[in-house]
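Q:
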Amino acid sequence: MGGTRPGGDSSHSVHTSDEHYEPVFVGEAGRELEELLTRYPTKMAALLPALWIVQGARGWVSEEAMTEVAERLSLTPAYVKGVVTFYTMYHQHPVGKYFIQVCTTSPCGVCGAEDTVRALLEKTGCGELGATSEDGRFTVVEAECLGACGFATPIMINEEFVESVNKDNVPDILSRLP
Amino acid sequence: MGFPHKSHPRETPILSRYFGDAEARTLDGWKKRGGYRALEKALAMAPAELINEVKESGLRGRGGAGFPTGMKWSFMKHGDGKPHYLCVNADESEPGTFKDREIMRWTPHALVEGAAIAAYAIGAETAYIYIRGEFTEPLKMMNAAVREAYAGGIIGKNAMGTGKRIDVHVHKGAGAYICGEETALMNSLEGKRGNPRIKPPFPAVAGAFGMPTTINNVETLAAVPHILNEGPAWYKAMSHSSPKSTGSKLFSVCGNIARPGNYEVEMGFPFKDFLYDLCGGPPPGRRFKAVIPGGSSVPIQTMAEAEATLMDYEGFVAQGSMLGSGGVIVFDDSQCMVKQIARLARFYAHESCAQCTQCREGTAWTTRILERIEHGQGTMEDLDTLLSLSKNMTGTTICVLSDSCATPIVSGIQKFRDEFEAHIKGKRCPMGASAAA
């Protein structure tokens, strides 16, 4: 079966390998990496930025991408995987077109974040956290403190921050997405 | 100005003066508002002279620990033949805290200017601004400001035409609370997993890339240009209780309160007036129950403690807590404290880097026990177990994440023991909160 878990079913495995992988660091992205390397005294320090370039280009970081990054920075693929898996923001498998993170830490929790999560899971058709909707449009996950506690509940839709989300304005926010 | 609210007449808007003013984000707009005058002045001074000004002002670190900034800078030995680095901690992730976000969002040049001054003071030619990956808008603003500052000759190989080199780079994190810990941040910057390092060596001896490094919080650095422009005596005069706490401080306010947002007050401001007057008190029909005044890692205050507090480093300690990062989380009488403390423990369990046993195991076990109590399945012995675990999680690990998990648990059981006991004896959450969990 293909990429991500269909909504409501977590029994299918998710894939971490990209069979049709093409190198990322060619052309503009390659030049961007070269410029990045001038900013740091070590090649290793360009690892997080390089992984961001990969995710920006492909939407996720596959095993093949980790190998390419490792080669470019003179690291081992195992080392790169160790770093990728430490951080929460690198996707190790494909996710929905709209990756939605909802803050549910205490300050948002006391302002109704649980209701916001339930509304998002229902209205996107994802059904459960971490699952991707059948149409491939949405993945909803809980995030720990997004650092916008005064604007509860903040959510992130890919790179876009949306503040003061509640169960009532969820349908409107979702309907504005192309 | 002020954002999201207009500044209250009792606020002292210095750092927050241009929050909400989009024009202040640009280099021209910033210069029109007096920007980069302080950097020009600083570059004409000797680093030791500059450090003395900051020492004299009494400025202390605004990230949480409150270490005197001038003293921290003085630990960097000039002329040691090694490259020095400045790390700017913009990994703001402490639950309840969202002040650095607004500084970077509205006044990015304030941070570029403060960072350039600090870099010069500590003999560094390179500053790295490490911003948490989730802060997409602050990242965009900081990147734009840095680009403008390079293009305008303010930073770079010939900063403001002085022949001094000051490079500033924005570095994007990738999701990890622990990277706000200074040595974890340096590991992360170096392209490693964000595990904190054992100290010593301290960063001033061996920090980023093994070289002498100073790490400062965003708000700390944003205050520096004002100190140079107005003078240390001016800054020091903003102190109404303890003479060891000076200047203005941004407090982020969230949770069950009428007007959440950022507020800037002078050190020593009465917390009671702050909560009821500036922030508008509890939501309609509610009463306040408890406050965590300095980000989730500091002890919980009862309302009696909170209302007796004068807001400065010493004032919060005198009333059973700490100023921390200035992230004020307010709980009203509709909240179950057991549920809230369990949720905080879950946060720390999720964010533990897992290299120390006491933290990896302790955060997970305390979370499970707290959730069990919340769901009516706890025993009285569980309270002793929680306190015993908390004791073993305090002062025993490489960094203080483990201590931070223990803090709300210990203060919560001490100050709200009746709520814990009601869950255990009644075998359910008396507020019905667990049903929603």
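First to last, the sequence lines map onto chains W and Y.
Each residue of the first sequence is one higher than the one before, starting from 64 at the first, in my numbering.
Each residue of the second sequence is one higher than the one before, starting from 2 at the first, in my numbering.
We put the beta carbon where it would ideally sit given N, CA and C, even for glycine.
If you're wondering where the values come from, they're calculated on a predicted model, not measured in any experiment.
(1) Are the CB atoms of Y:Gly115 and Y:Val225 nearer to each other than 7 Å?
(2) Please tell me whether, using a cut-off of 6 Å, the distance from the CB of W:Leu240 to the nearest non-hydrogen atom of the ligand COA is below it.
(3) On a Cα-Cα basis, can you pick out the residue from Y:Arg38, Y:Thr221 and Y:Gly328 that is closest to Y:Phe272?
(4) Is W:Arg181 close to chain Y, meaning its C-beta is less than 7 Å from at least one C-beta of that chain?
(5) Use the C-beta contact count for Y:Gly82: other C-beta atoms within 10 angstroms, 16 or more gives buried, fewer gives exposed.
(6) What residues in the region 148-165 of chain W have a beta carbon less than 9 Å from any beta carbon of chain Y?
(7) Can you tell me where the beta strand (DSSP E) holding Y:Asp383 begins and where it ends?
(8) Assuming Y:Glu182 contacts Y:Asp101 (C-beta within less than 8 Å), just tell me the rounded distance between them.
(9) With H, G and I counted as helix, E and B as strand and the rest as coil, what does DSSP make of W:His83?
(10) Report the rounded CA-to-CA distance for Y:Met432 versus Y:Met239, giving the unit in angstroms.
(11) Pick from Y:Glu362, Y:Thr364 and Y:Ala343: whose alpha carbon is nearest that of Y:His424?
(12) Is there a Cβ from chain W that is less than 7 Å from the Cβ of Y:Gln356?
(13) Report the CB separation of Y:Ile156 from Y:Ile167 in whole angstroms; it is logged as a contact under 8 Å.
(14) Suppose you measure from the CA of Y:Glu420 to the CA of W:Gly199; what does that come to, to the nearest Å?
(15) Using 8 Å for Cβ pairs, my map puts Y:Ile414 next to Y:Leu390. What's the rounded Cβ distance?
(16) How long is the line joining the alpha carbons of Y:Phe203 and Y:Ile216, rounded to whole angstroms?
(17) Y:Val55: which of Y:Thr137, Y:Met72, Y:Pro109 and Y:Arg63 sits nearest, CA to CA?
(18) Taking Y:Phe99 and W:Gly210 to be in contact with their CB atoms under 8 Å, please state how far apart those CB atoms are, rounded to whole angstroms.
(19) List the residues of chain B whose Cβ lies closer than 8 Å to the Cβ of Y:Ser189, in chain order.
(20) Kindly give me the distance between the Cβ atoms of Y:Asn218 and Y:Gly62, rounded to whole angstroms, as I take these residues to be in contact under 8 Å.
(21) Let me see if you follow: with CB-CB separation under 7 Å, is Y:Phe210 close to chain W or not?
(22) Pick out the complete beta strand (DSSP E) segments inside the region 88-165 of chain Y, 3 residues or longer, and give them in chain order.
(23) With a CB to CB cut of under 8 Å and the five nearest residues on each side skipped, what residues in its chain are close to Y:Ala1?
(24) Give a yes or no on whether the C-beta atoms belonging to Y:Gly295 and Y:Met268 are separated by under 7 Å.
(25) Report all residues from its chain with a CB closer than 6 Å to the CB of Y:Ala150; omit the five preceding and five following residues, and keep chain order.
(26) For Y:Asp404, does the count of other Cβ atoms within 10 angstroms reach 16, so buried, or fall short, so exposed?
(27) I want to know whether the region 306-316 of chain Y touches the region 137-145 of chain W - three or more CB-CB distances under 8 Å.
(28) So, is Y:Trp107 buried or exposed, given that buried needs 16 or more other C-beta atoms within 10 angstroms?
(29) Contact criterion: CB-CB distance below 7 Å. Does W:Thr130 meet it with respect to chain Y?
(30) Determine the extent of the alpha helix (DSSP H) in which Y:Lys73 is found, giving its start and end residues.
(31) Select from the region 115-141 of chain Y all residues with a C-beta closer than 7 Å to any C-beta belonging to chain W, and list them in chain order.
(32) Here's a check: name, in chain order, each residue in its chain whose Cβ is nearer than 6 Å to the Cβ of Y:Ala223, leaving out the five neighbours to either side.
(33) List the residues of chain W that Y:Tyr151 touches, going by C-beta distances under 9 Å, in chain order.
(34) Output yes or no for whether 7 Å exceeds the beta carbon distance between Y:Leu51 and Y:Ala39.
(35) May I ask you to report which of helix, strand or coil DSSP gives Y:Ala291?
(36) Measure the CB-CB distance between W:Tyr78 and W:Trp123 and report whether it falls below 7 Å.
A: Looking at the coordinates:
(1) yes
(2) Of the ligands one can find in the structure shown there are none, so the ligand COA has no counterpart to examine.
(3) Among Y:Arg38, Y:Thr221 and Y:Gly328, the Cα nearest to that of Y:Phe272 belongs to Y:Gly328.
(4) no
(5) With fewer than 16 Cβ atoms within 10 Å of its Cβ, Y:Gly82 is classed as exposed.
(6) Thr148, Phe149, Tyr150, Thr151, Met152, Tyr153 and Gln164
(7) Looking at the DSSP string, Y:Asp383 is not in any beta strand (DSSP E); the run it does join, the alpha helix (DSSP H), is Met381 to Asn393.
(8) That pair is no contact at about 15 Å.
(9) coil
(10) 43 Å
(11) The shortest Cα separation from Y:His424 among Y:Glu362, Y:Thr364 and Y:Ala343 belongs to Y:Ala343.
(12) For Y:Gln356, the answer is no, since every Cβ of chain W falls outside 7 Å of its Cβ.
(13) 5 Å
(14) 45 Å
(15) 11 Å between Cβ atoms; not a contact.
(16) 11 Å
(17) Y:Met72
(18) 5 Å
(19) Here the protein chains are W and Y, and chain B is not one of them.
(20) 6 Å
(21) yes
(22) 125-132
(23) Any property of residue 1 of chain Y remains undetermined from this structure, which presents chain Y solely from 2 to 438.
(24) no
(25) Val113 and Ile156
(26) buried
(27) no
(28) buried
(29) no
(30) Thr70 to Ser75
(31) Arg133, Gly134, Glu135, Phe136, Thr137 and Glu138
(32) Leu16, Ile104, Ala111, Leu112 and Gly115
(33) By Cβ distance, chain W contributes nothing, its closest Cβ being about 12 Å from Y:Tyr151, past 9 Å.
(34) no
(35) strand
(36) Correcting the residue identity first, residue 78 of chain W is His in this sequence and not Tyr. Not in contact: W:His78 and W:Trp123 (Cβ atoms no closer than 7 Å).
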